[in-house]
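I have placed the structure first, in the form of structure tokens, so that the comments after it can refer back to it.
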Amino acid sequence: MRLYMLSAPRISWSKVVMSYNRSLRFLAFAVALSAPSLVVDVAAAAGQSKAAASAARAKTAAADGLPTEIDIATQARVVFDELAGNADPRVRMAVYEGRLALGKEDRSKAVAAGIDDAFTPLRKRALLAALADKDKKVRELSLASLAKGLASGEAGEREFAAEIIVDSTSGLKPLEVTAQFRKATVDGGPETRTWARAQLIRLGGKPGWEVLAALLAEPADSKEFAEGLKRLADYKEGLGATWALTHLHDRDQLGAAVRAYLAQISDSKSAGEVVKSLNKIYDKAEFAQRVDAAAVLSVRGAGTPAIAKSLSKGARFTDPAVRLVSLWGLRGVRDAAVLSEMRERVSTNETEWEAALAFEWLTMWAKATGDAKVIELLQEIAKSDRRSLRLNALDALSQVAHRPSVALFEAAMKEGQTEIRQAAARGLAAVARPGDEKRLAEYLRKEPVLEVKLALIRAFAAIGTPEILDPLQFVITAPQVEIKRAVVEAVAPTGTSKAASLIGLLKRDADLETRFLAWQFYLRLDPKAAAKDLKATIGWLSAAQAHTLAQDPKIGADALEILALDGSDAHRTAAVKGLASRGDSSATRLLSISDRSQNEDAAAAALAALAAVRGSASVPTYREGTKSRFPLVRAASYAALGQYGPRQVIDFVLPAVSDREPLVRVEAAVAAVRLSQKKPEAL
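Just add 13 to the spot in the sequence shown (first one is 1) and you have this note's numbering.
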């Protein structure tokens, strides 16, 4: 067997084994590795019998003549112990991975050290592993650490701890999870308590409802009560149904929230009980209270003609509170008789909240069925002289996207009131079709108001044909950035060379967001020409913008390679990740970046990404990477060999365990451990 680290004269092995001097132990392990027969001497010095020593030697014998798993583990432990406290988090992460690969006591050692590590990715992995550890002490340490995180005043720490606790791999039982959040509602500050309560409600079940009920029991002018109303709006479990029915007739914000909650309960058992209870109330209560039950039943889709008639009557009742509840309940009604009864009321009632509920009902009805009578009523109101009602009707017709109303929208575009023109422009955008370009261009040319112009540009975008380019070319360089951006987004989907030319006008725009938007679409439309220009202009790109380009599948690999080779640190990282996400098609690019990049981080990231893409198909490349002048590239190469190489490369990897660079050394040790655990290949 080869000697990979050190050679030494024969010394007293019993003293070496008992010594706590790291260097002597390392020397002993090296010589033992180089001469398997000496393992017997070590075993004998420890008081073992010759038979036991003989068994140990037999166990360590490798059929392929390579160092055995036990030999490698012994050597690797020395490296891991020495580098466990290294300042570089990448080294500590590799130590963690290596100890995990060794298993048993080494695993527990890795987890115990990792749960308090300052490096977040390492700490997360360690905490998840600790929660599943059989060692109760290790598990308790992790729970204590997570409890501290949940009670933290720092939002990031809380979210980090919560992510681990609710992780499906944590092994925590539901009661343990809720107990952790309950503790945070006591131990944390005001902001933390609010956050922890929200988590409990989101998790659901009895603990969640208890928290929500407690909030709703607070005084109506308190922050806690307001928080409870906010949470109740998204709550769909039936645990609060009994409580909610006691507040069904409240005429305040709690009553409105309760009725909405009863209408959205989703579990079938509770929903059935709620419908049964509401029907009893409807049959026996006084009119005002019957309306409350009728409204919830209607919104739940459990209405009847009698219920619809009650709601119609309630919408015209003298009590404003009853009218509001009735109008809310009408959203579930599709009865022509009710529409006839409500026609005059809807056409003339300008009370803000009542009008909003009435038009919401009509809009939902028209969307669901396209009922001609509903559309007719909306068109009639849109032509009336009641400004607020006209706006509601125009918006409703826009939401329905009623193409036959295009003439109505066009007529409204000629009016002097800005809000009317804006509503009309939204309607034109909703119903625009090829052939409308000429009329839209006329409106756009004459329109002085920005918001209306933007709505008209969205109408062109909805058409999306090359015919929109001519009218929009006159506004793409407008002084308002909103218009420029809207035009870019409208013309780019046409995919034409003219669109690329128009967008190219904004490549040097003074507004960086507009400039970026132009570049993003320019790179899509004319990738070769854009890539040539990109190198000289990427200095202004932000990290977020580089990430956006890298994750855009329509951006060519040429552009990402330029970002990886010539961009800033943030650009390079984003570009390599983007190429890696594209799979095997990016392998050549990643290899090029790894070989050509003058940036160590980018070169190493590219090689690691290449390994993730190519796996065992590029083992010769990883071997070549170990010769790089960059330590990070060498480390990534050894990591790739350990993961994807055959057992036979142990001989190649082991010398690097003595490398002077800590990360290279530890990655080589981890690789050796992983390789030693692979089965020898058949000869």
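Quick reminder that beta carbons are idealized off the backbone N, C-alpha and C, glycines included. All of these numbers come straight from a predicted model, not from anything done at the bench.
Counting Cβ pairs closer than 8 Å, one from the segment 284-296 and one from the segment 264-273, do we hit at least three? No: the two stretches stay apart, fewer than three of their Cβ pairs being nearer than 8 Å.
For the segment 360-375 against the segment 401-412, do three or more pairs of beta-carbon atoms, one drawn from each stretch, fall closer than 8 Å, so that the two count as touching? Yes: at least three Cβ pairs fall under 8 Å.
Extent of the continuous alpha helix (DSSP H) to which I470 belongs: Its alpha helix (DSSP H) spans residues L463 to I476.
From E613, S610, P644 and S650, pick the residue whose C-alpha is nearest to that of R627; which is it? Minimum Cα distance to R627 is reached at S650.
Check T550 in the structure and name its three-state DSSP category. Coil.
Using the Cα positions of R195 and A583, report the straight-line distance between them to the nearest angstrom. About 40 Å.
Are the beta-carbon atoms of K380 and A349 separated by less than 8 Å? Not closer than 8 Å, so no.
State the DSSP-derived secondary structure class of F534, mapped to helix, strand or coil. Helix at F534.
Evaluate S323 with the Cβ neighbour count: other Cβ atoms within 10 Å of its Cβ, from every protein chain shown; 16 or more gives buried, anything less gives exposed. Answer is buried; the Cβ neighbour count reaches 16.
Considering only C-alpha positions, which residue in the set W378, A406, V346 and A319 is nearest to N362? Selected option, being the one with the closest Cα: A406.
According to DSSP, is Y295 part of a helix, a strand, or is it coil? Reduced to three states, the DSSP call for Y295 is helix.
At least three beta-carbon pairs within less than 8 Å, the segment 615-632 to the segment 663-681: No, because fewer than three Cβ pairs between the segment 615-632 and the segment 663-681 fall closer than 8 Å, the two stretches do not touch.
Give me the residue from E153, T527, L573 and A321 with the minimum Cα distance to E495. Nearest in C-alpha terms to E495, of all of E153, T527, L573 and A321, is T527.
Run the proximity test for A100: is its beta-carbon closer than 7 Å to any non-hydrogen atom belonging to the ligand ATP? As presented, the structure is devoid of all ligands, the ligand ATP included, so that no description of it is given.
A66 versus E82: straight-line alpha-carbon distance, rounded: For A66, the predicted structure reports a pLDDT of 42, less than 50, and the residue's modelled location is therefore unreliable. The matter cannot be settled from this model.
Could you check if A227 is buried or exposed, using at least 16 other CB atoms within 10 Å of its CB as the buried criterion? Exposed, since its Cβ has fewer than 16 Cβ neighbours within 10 Å.
Within the same chain, show all residues whose beta-carbon is closer than 7 Å to that of G477, passing over the 5 residues directly before and after it, in chain order. Contacts found: P506 and T507.
Determine the burial state of R244: buried for a count of at least 16 other Cβ atoms within 10 Å of its Cβ, exposed for fewer. Counting of Cβ neighbours within 10 angstroms places R244 among the buried residues, the total reaching 16 or more.
How would you label K640, buried or exposed, when you count the other beta carbons within 10 angstroms and need 16 or more for buried? When all chains shown are included, K640 counts as exposed.
Tell whether a beta-carbon distance below 8 Å holds between A437 and F473. It is not a contact, given that the beta carbons lie outside the stated cut-off.
Mark F39 as exposed unless 16 or more other C-beta atoms lie within 10 angstroms of its C-beta, in which case mark it buried. Here F39 scores only 34 on pLDDT, less than 50, and its place in the model is too uncertain to base an answer on.
Inter-residue Cα distance where the pair is E170 and L144: Each residue's Cα considered, the two are about 18 Å apart.
Touch test, the segment 184-201 against the segment 232-242, Cβ-Cβ under 8 Å, three pairs minimum: Pairwise C-beta distances place the segment 184-201 out of contact with the segment 232-242, as fewer than three of them are shorter than 8 Å.
When you compare only the Cα positions, how much space is there between R120 and R112? Rounded to the nearest angstrom, the two C-alpha atoms are 5 Å apart.
When DSSP labels each residue in this structure, what does R399 get in the three-state scheme? Coil, per DSSP.
Could you have a look at R264 and say whether DSSP puts it in helix, strand or coil? Three-state DSSP puts R264 in coil, outside helix and strand.
So, helix, strand or coil for M426, using DSSP? DSSP places M426 in coil when its eight states are reduced to three.
By a C-beta neighbour count over all protein chains shown, 10 Å radius and 16 as the cutoff for buried, is S339 buried or exposed? S339 comes out buried.
Going by DSSP, what residue range makes up the alpha helix (DSSP H) through G127? For G127, the enclosing alpha helix (DSSP H) has its first and last residue at K117 to G127.
Taking just the CA atoms, how far does G201 sit from L156? Roughly 16 Å separates the two Cα atoms.
Which two residues bound the contiguous alpha helix (DSSP H) that contains Y657? It spans P644 to Y657 - the alpha helix (DSSP H) in which Y657 sits, taken as one unbroken run.
Please report the distance separating the alpha-carbon of V288 from that of A319. Roughly 15 Å between the two C-alpha positions.
Under 8 Å, do L573 and L603 count as touching if we go by C-beta distance? No. Outside cutoff.
Taking all protein chains shown into account, do 16 or more other C-beta atoms lie within 10 angstroms of the C-beta of E110, making it buried, or fewer, making it exposed? Label assigned to E110: buried.
Run through DSSP, which three-state label would K150 get? It is helical.
DSSP state of V504 mapped onto helix, strand, coil: Here V504 sits in helix by DSSP.
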